[in-house]
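Heads up, the thing below is written out as structure tokens.
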Amino acid sequence: MAALVAFRREFLEVSNGLDVLREAMTIASACMKHFRTNHLQAQHLGIVPEKGYDNADNQSLLALRFLAWYAEEHNVNIRNAYSKEGEKRFGNYRVDGWVEEKKLVIEVNGCCWHGCKKMLS
Numbered sequence: 018m019a020a021l022v023a024f025r026r027e028f029l030e031v032s033n034g035l036d037v038l039r040e041a042m043t044i045a046s047a048c049m050k051h052f053r054t055n056h057l058q059a060q061h062l063g064i065v066p067e068k069g070y071d072n073a074d075n076q077s078l079l080a081l082r083f084l085a086w087y088a089e090e091h092n093v094n095i096r097n098a099y100s101k102e103g104e105k106r107f108g109n110y111r112v113d114g115w116v117e118e119k120k121l122v123i124e125v126n127g128c129c130w131h132g133c134k135k136m137l138s
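Residue 18 is where the sequence shown starts when you use the numbering used here, and the numbers rise one by one after that.
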């Protein structure tokens, strides 16, 4: 209990009177409240990239390892989820790997991953 009281007192000092026990449920929300109250200027917003800061194109470790092996074995560049441009798209579909020079699509366990009924039946 003494640690909680000490933490509350310390946070009150650092945050110019923000009571962490009354105004926040988590440390993260308390820190965000402190930032918004004491540091964020009016009419200022952060500019977040269109796709956010994380790589949203998930790709399996197996696929990434296979594509790395294939690229080295065949001495080609393969566009994948972690390439600067991201996965190659064909309409609404994204492919695991794309070799521009050969116009080659590489899918790793595509039927298993996407649930292709023809291959899984």
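Backbone N, C-alpha and C fix where the C-beta goes; we use that ideal spot for every residue, glycine too.
Looking at the structure shown, is residue i part of a helix, part of a strand, or coil, going by DSSP?
i: Tyr110; result: strand
i: Leu35; result: coil
i: Leu62; result: coil
i: Gln116; result: According to the sequence shown, residue 116 is Val rather than Gln. Correct three-state label for Val116: strand.
i: Val125; result: coil
i: His56; result: coil
i: Ala47; result: helix
i: Ala80; result: helix
i: Ala23; result: helix
Looking only at its chain, what residues have a beta carbon closer than 8 Å to the beta carbon of residue i, apart from the 5 residues adjacent to it on each side?
i: Asp24; result: Note that residue 24 is Phe in the sequence shown, not Asp. Only Val37 meet the Cβ criterion.
i: Leu81; result: Asn97, Ala98 and Tyr99
i: Gln76; result: Asn97, Ala98, Tyr99, Glu104 and Asp113
Exposed or buried, which one is residue i when buried takes at least 16 other CB atoms within 10 Å?
i: Leu84; result: buried
i: Val65; result: exposed
i: Asn97; result: buried
i: Ala47; result: buried
i: Phe28; result: buried
i: Ile95; result: buried
i: Gly114; result: buried
i: Ile123; result: buried
Using a Cβ-Cβ cut-off of 6 Å (strictly less than) and excluding sequence neighbours within five positions of residue i, which residues of its own chain qualify?
i: Arg111; result: Glu104
Excluding the 5 residues preceding and the 5 following residue i in the sequence, name in chain order all residues of the same chain whose CB lies nearer than 7 Å to its CB.
i: Lys50; result: Leu35, Glu40 and Ala41
i: His91; result: none
Pick out the complete beta strand (DSSP E) segments inside the stretch 83–108, 3 residues or longer, and give them in chain order.
none
Mind the definition here: the stretch 99–106 touches the stretch 46–59 only if three or more C-beta pairs lie below 8 Å; say whether that holds.
no
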